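Chemist:
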């Protein structure tokens, strides 16, 4: 049996409850994204060092969509395993 609660809320109270719920979901998603970004990803500079390529070469490869890259906003992130597979090709 479901429990049903009836209450009267003002528009401001309802709006506030919705904002809090949405903000909670957004915060949870951001925390999960941040956690996965730290696991197994390297940044652009680290990828240059790993591949032993100059920054300009990396930028050219990226512009031609030749590199396996993940974007988070403006940041370019790479997985070492994907870069290793890319090198084998």
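In the numbering used here, the protein residues as written are 4 to 92. Virtual Cβ for every residue (Gly too), placed ideally from N, Cα, C. Given the structure is predicted, the values throughout are model-derived calculations rather than measurements.
Taking the C-alpha atoms as reference points, what is the distance between residue 24 and residue 31?
Modeler: Cα to Cα, the separation comes out at about 11 Å.
Chemist: Can you tell me which residues form a DSSP beta bridge with residue 78?
Modeler: 75
Chemist: As a quick exercise: from 63, 14, 4, 51, pick the residue whose alpha carbon is nearest that of residue 80.
Modeler: 51
Chemist: Helix, strand or coil: which one does DSSP assign to residue 44?
Modeler: strand
Chemist: Look up residue 60 in the DSSP assignment and say whether it is helix, strand or coil.
Modeler: helix
Chemist: Which stretch, first to last residue, makes up the alpha helix (DSSP H) that contains residue 91?
Modeler: 83-91
Chemist: Tell me the rounded alpha-carbon separation between residue 74 and residue 44.
Modeler: 11 Å
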